[in-house]
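Below is one structure, written out as C-alpha coordinates; comments come after it.
Numbering (the numbering used here), first residue to last: 1 to 133.
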(Lines of atoms letter the chains of each structure in order from A; the text may use other names.)
(Lines give C-alpha, C1' and ligand atoms only; values in the text may rest on other atoms or scores of the structure.)
Protein backbone atom coordinates (compact mmCIF):
# COMPACT_ATOMS: atom_id res chain seq x y z
CA UNK A 1 0.00 0.00 0.00
CA UNK A 2 1.30 3.43 -0.79
CA UNK A 3 0.45 7.01 -1.51
CA UNK A 4 2.35 10.21 -2.29
CA UNK A 5 4.16 10.40 1.05
CA UNK A 6 4.38 6.83 2.38
CA UNK A 7 4.88 3.23 1.47
CA UNK A 8 3.39 0.70 3.89
CA UNK A 9 4.71 -2.85 3.72
CA UNK A 10 2.76 -5.57 5.55
CA UNK A 11 5.06 -8.49 6.22
CA UNK A 12 3.08 -10.67 8.63
CA UNK A 13 -0.57 -11.26 9.50
CA UNK A 14 -1.88 -13.41 12.31
CA UNK A 15 -5.20 -14.12 13.93
CA UNK A 16 -6.09 -15.73 17.23
CA UNK A 17 -9.46 -16.56 18.70
CA UNK A 18 -10.22 -17.47 22.31
CA UNK A 19 -13.37 -18.73 23.95
CA UNK A 20 -13.39 -18.43 27.73
CA UNK A 21 -16.25 -18.19 30.20
CA UNK A 22 -18.75 -17.86 27.38
CA UNK A 23 -16.94 -14.84 25.90
CA UNK A 24 -15.28 -15.08 22.51
CA UNK A 25 -12.41 -12.74 21.69
CA UNK A 26 -10.39 -12.42 18.53
CA UNK A 27 -7.14 -10.68 17.74
CA UNK A 28 -6.10 -9.69 14.24
CA UNK A 29 -2.44 -8.72 14.29
CA UNK A 30 -0.69 -6.99 11.42
CA UNK A 31 3.04 -6.32 11.45
CA UNK A 32 4.14 -3.67 9.01
CA UNK A 33 6.82 -1.13 8.26
CA UNK A 34 6.29 2.42 7.13
CA UNK A 35 8.70 4.16 4.79
CA UNK A 36 8.60 7.83 3.80
CA UNK A 37 8.64 8.66 0.12
CA UNK A 38 9.93 12.16 0.75
CA UNK A 39 13.25 13.52 1.94
CA UNK A 40 12.99 13.69 5.72
CA UNK A 41 15.42 16.60 5.78
CA UNK A 42 13.07 18.73 3.66
CA UNK A 43 10.98 21.31 5.44
CA UNK A 44 7.34 20.66 4.66
CA UNK A 45 4.88 23.52 4.57
CA UNK A 46 1.83 23.48 6.83
CA UNK A 47 -0.40 22.34 3.97
CA UNK A 48 2.08 19.60 3.02
CA UNK A 49 2.15 18.38 6.64
CA UNK A 50 -1.64 18.30 6.68
CA UNK A 51 -1.73 16.29 3.43
CA UNK A 52 1.02 13.96 4.73
CA UNK A 53 -0.87 13.27 7.97
CA UNK A 54 -4.16 12.85 6.12
CA UNK A 55 -2.54 10.34 3.75
CA UNK A 56 -1.09 8.43 6.71
CA UNK A 57 -4.55 8.33 8.37
CA UNK A 58 -6.07 6.99 5.14
CA UNK A 59 -3.36 4.31 4.82
CA UNK A 60 -3.98 3.08 8.36
CA UNK A 61 -7.77 3.21 7.95
CA UNK A 62 -7.45 1.24 4.68
CA UNK A 63 -5.22 -1.29 6.45
CA UNK A 64 -7.82 -1.80 9.21
CA UNK A 65 -10.65 -2.08 6.67
CA UNK A 66 -8.60 -4.52 4.60
CA UNK A 67 -8.06 -6.77 7.62
CA UNK A 68 -11.78 -6.92 8.36
CA UNK A 69 -12.48 -7.67 4.70
CA UNK A 70 -9.76 -10.33 4.53
CA UNK A 71 -10.98 -12.07 7.68
CA UNK A 72 -14.75 -11.51 7.28
CA UNK A 73 -15.59 -15.18 6.56
CA UNK A 74 -13.54 -16.40 9.49
CA UNK A 75 -14.90 -13.71 11.83
CA UNK A 76 -18.46 -14.71 11.00
CA UNK A 77 -17.74 -18.23 12.29
CA UNK A 78 -17.24 -16.86 15.80
CA UNK A 79 -20.43 -14.85 16.02
CA UNK A 80 -21.55 -11.28 15.75
CA UNK A 81 -19.67 -8.18 16.81
CA UNK A 82 -20.09 -4.46 16.40
CA UNK A 83 -17.90 -1.40 16.81
CA UNK A 84 -18.52 -1.38 20.58
CA UNK A 85 -16.43 -4.55 20.87
CA UNK A 86 -13.44 -3.47 18.75
CA UNK A 87 -10.27 -1.91 20.14
CA UNK A 88 -7.27 -0.69 18.12
CA UNK A 89 -3.83 -1.10 19.69
CA UNK A 90 -0.51 0.17 18.26
CA UNK A 91 2.79 -1.23 19.56
CA UNK A 92 6.41 -0.78 18.57
CA UNK A 93 8.68 -3.69 17.70
CA UNK A 94 9.50 -4.16 21.39
CA UNK A 95 5.77 -4.64 22.11
CA UNK A 96 5.62 -1.33 23.96
CA UNK A 97 2.01 -0.06 23.90
CA UNK A 98 1.85 3.33 22.22
CA UNK A 99 -1.86 3.66 21.55
CA UNK A 100 -5.07 1.89 22.53
CA UNK A 101 -8.60 3.11 21.90
CA UNK A 102 -12.01 1.65 21.12
CA UNK A 103 -12.79 1.99 17.43
CA UNK A 104 -16.06 3.83 18.15
CA UNK A 105 -14.14 6.74 19.70
CA UNK A 106 -10.98 6.34 17.63
CA UNK A 107 -8.93 9.52 17.41
CA UNK A 108 -6.86 9.11 14.26
CA UNK A 109 -4.72 12.14 15.13
CA UNK A 110 -3.59 10.50 18.37
CA UNK A 111 -3.02 7.22 16.53
CA UNK A 112 -0.87 8.96 13.90
CA UNK A 113 1.15 10.70 16.63
CA UNK A 114 1.86 7.32 18.23
CA UNK A 115 2.92 5.81 14.90
CA UNK A 116 5.21 8.77 14.21
CA UNK A 117 7.08 8.00 17.46
CA UNK A 118 8.40 4.87 15.75
CA UNK A 119 11.49 5.21 13.59
CA UNK A 120 10.70 4.79 9.90
CA UNK A 121 11.55 1.29 8.78
CA UNK A 122 11.05 -0.25 12.24
CA UNK A 123 8.27 -2.73 12.80
CA UNK A 124 4.86 -1.41 13.79
CA UNK A 125 2.36 -3.83 15.30
CA UNK A 126 -1.34 -3.17 14.80
CA UNK A 127 -3.60 -5.29 16.99
CA UNK A 128 -7.32 -5.29 16.33
CA UNK A 129 -9.04 -6.75 19.40
CA UNK A 130 -12.60 -8.01 18.89
CA UNK A 131 -15.09 -9.06 21.54
CA UNK A 132 -17.95 -11.04 20.07
CA UNK A 133 -21.53 -10.78 21.34
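Quick reminder that beta carbons are idealized off the backbone N, C-alpha and C, glycines included.
Contacts around residue i, its chain only, beta-carbon distance under 6 Å, and the 5 residues preceding and following it disregarded
{"i": "residue 125", "result": "31, 91"}
{"i": "residue 14", "result": "29"}
Pair within 8 Å by beta-carbon distance, residue i and residue j
{"i": "residue 29", "j": "residue 122", "result": "no"}
{"i": "residue 104", "j": "residue 83", "result": "yes"}
{"i": "residue 99", "j": "residue 35", "result": "no"}
{"i": "residue 63", "j": "residue 1", "result": "yes"}
{"i": "residue 59", "j": "residue 3", "result": "yes"}
Alpha-carbon spacing of residue i relative to residue j, whole angstroms
{"i": "residue 128", "j": "residue 65", "result": "11 Å"}
{"i": "residue 51", "j": "residue 75", "result": "34 Å"}
{"i": "residue 93", "j": "residue 80", "result": "31 Å"}
{"i": "residue 18", "j": "residue 39", "result": "44 Å"}
{"i": "residue 16", "j": "residue 108", "result": "25 Å"}
{"i": "residue 89", "j": "residue 106", "result": "11 Å"}
{"i": "residue 112", "j": "residue 53", "result": "7 Å"}
{"i": "residue 87", "j": "residue 48", "result": "30 Å"}
{"i": "residue 131", "j": "residue 26", "result": "7 Å"}
{"i": "residue 110", "j": "residue 101", "result": "10 Å"}
{"i": "residue 97", "j": "residue 61", "result": "19 Å"}
Residues near residue i by beta carbon distance below 7 Å, same chain, minus five either side
{"i": "residue 67", "result": "28, 30, 128"}
{"i": "residue 71", "result": "15, 28"}
Terminal residues of the alpha helix (DSSP H) in which residue i lies
{"i": "residue 87", "result": "First-last for residue 87: 86–92, but that is the beta strand (DSSP E), not the alpha helix (DSSP H)."}
{"i": "residue 54", "result": "46–70"}
{"i": "residue 108", "result": "108–115"}
The beta strand (DSSP E) enclosing residue i, as first and last residue numbers
{"i": "residue 2", "result": "First-last for residue 2: undefined, no H or E at that position."}
{"i": "residue 99", "result": "97–102"}
{"i": "residue 125", "result": "123–131"}
{"i": "residue 78", "result": "Element bounds for residue 78: n/a, residue is neither H nor E."}
{"i": "residue 26", "result": "23–36"}
Close beta carbons around residue i, own chain, < 8 Å, minus the five adjacent residues each side
{"i": "residue 5", "result": "36, 37, 38, 51, 52, 55, 56"}
{"i": "residue 85", "result": "130, 131, 132, 133"}
Stretch pair the region 43–54 + the region 15–25: three plus CB contacts closer than 8 Å: no
Spell out a yes or no on whether the region 109–120 and the region 7–20 are touching, meaning 3 or more CB-CB pairs, one atom from each, closer than 8 Å. Because the criterion of three Cβ pairs below 8 Å is not met, the region 109–120 and the region 7–20 do not touch.
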